[in-house]
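Below is one structure; the comments refer to it alone.
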Amino acid sequence: MKSVKTDWEKYALKEAYYSVTTNYKYRNENLSDEVKDDFFIEAKQYAEKLTAVIRTHLVKDFAPKRILDFGCGVGRTSILFTELAEEVVGTDVSENMLREAEKNKHRRGADNLNLIQTGSDLSNIQGRFDFVHSLYVFQHIPLSEGRKLLTQLLDKLEDNGVIAFHILYANELSLLKRISYWLRLHIPCIKNVLNLIRRKPWDAPMMQLNSYPVNDIAEDLKQAGCLHFYSRYTNHAGYKGLFIFAQKTRLDEENVTDLGEIP
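For the sequence shown, numbering that gives the first Met the number 0 assigns the number 0 to the initial residue and increments by one for each residue that follows.
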């Protein structure tokens, strides 16, 4: 996670809001109080749609008391979640992101939001949660580390709790673009030279876009007791993904239908 942390500290210092949405409206030169208000209004619409999906497909009376927002960035969704729950914990690998999130927390009166810096170990997050959320985070984390983090997040779920998270699983990039991505990711000097060609700073970070095998993620969910799940397909600029919603179900409850052998 060290390289991930280093990159996101740089993003947070240079383009904290734009790095969350990649919408040019949220570039530093465009930021104003009004633009920041729009940033959170959009998040409110997202939170409403998110809870509607959960209530439709998993938990009809979904009303979480404790929420964990993994990879909270500047606090965009964490702050909106404070309207849903008694307590929200937002975590991020970047100290600079959390510093901006703290400012937003106070500006918007989100007193029931606690912000915690985390890395590859989530042991400093206390207790369990009714809802665990992570939006567009795992794609920026290498697969081996990301799956370990997902396992830890699943361990943080209360019985009958819900997790909602997004992963990438494939892309439609040309062979040339795939080779270029691999070279920039694994050979630093190539990334540095391309930065200069693109008129970026020599040490400008590279945003990783990692894919996760869907079958492995399904097995992780099963091992954690998340037997009920629902997913939605996403495609952003040729990067295919899944938004997965899963409920951790008590194994001693008779609420799983046995379909028997399917001929």
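No residue lacks a Cβ here, since even glycine has one placed at the ideal position from N, Cα and C.
Since this is a predicted model, take the numbers as computed values, not measurements.
Going by DSSP in three states, residue i sits in which element: helix, strand or coil?
i, result
"K239", "strand"
"I40", "helix"
"E157", "strand"
"I124", "coil"
"S93", "coil"
"E101", "helix"
"S77", "helix"
"V136", "coil"
"V34", "helix"
Between which two residues does the beta strand (DSSP E) containing residue i stretch?
i, result
"R197", "Looking at the DSSP string, R197 is not in any beta strand (DSSP E), and its letter there is neither H nor E."
"D68", "R65 to F69"
"Q116", "L112 to Q116"
Whose CA, out of the options, lies closest to the CA of residue i?
i, options, result
"T233", "C225, H227 and F242", "F242"
"S18", "S93, N113 and L57", "S93"
"G126", "I178, L67, D91 and H105", "L67"
"C225", "L30, L149 and L83", "L149"
"A109", "L83, V136 and K4", "L83"
CB residue i to CB residue j, shorter than 9 Å?
i, j, result
"L153", "K64", "no"
"I40", "R146", "no"
Does residue i pass the burial test, meaning 16 or more other C-beta atoms within 10 Å, or should it be called exposed?
i, result
"N103", "buried"
"A236", "exposed"
"H105", "exposed"
Taking 9 Å as the CB-CB limit, is residue i close to chain D?
i, result
"H165", "Of the chains in the structure shown, none is chain D; there is only one protein chain."
Along the alpha helix (DSSP H) that carries residue i, what are the first and last residues, could you check?
i, result
"N27", "Note, N27: premise wrong, no alpha helix (DSSP H); not H, not E."
"S18", "Y17 to T20"
Cβ of residue i within 8 Å of any heavy atom in the ligand ZN?
i, result
"Q151", "Within the structure as shown, the ligand ZN is missing, as the structure has no ligands at all."
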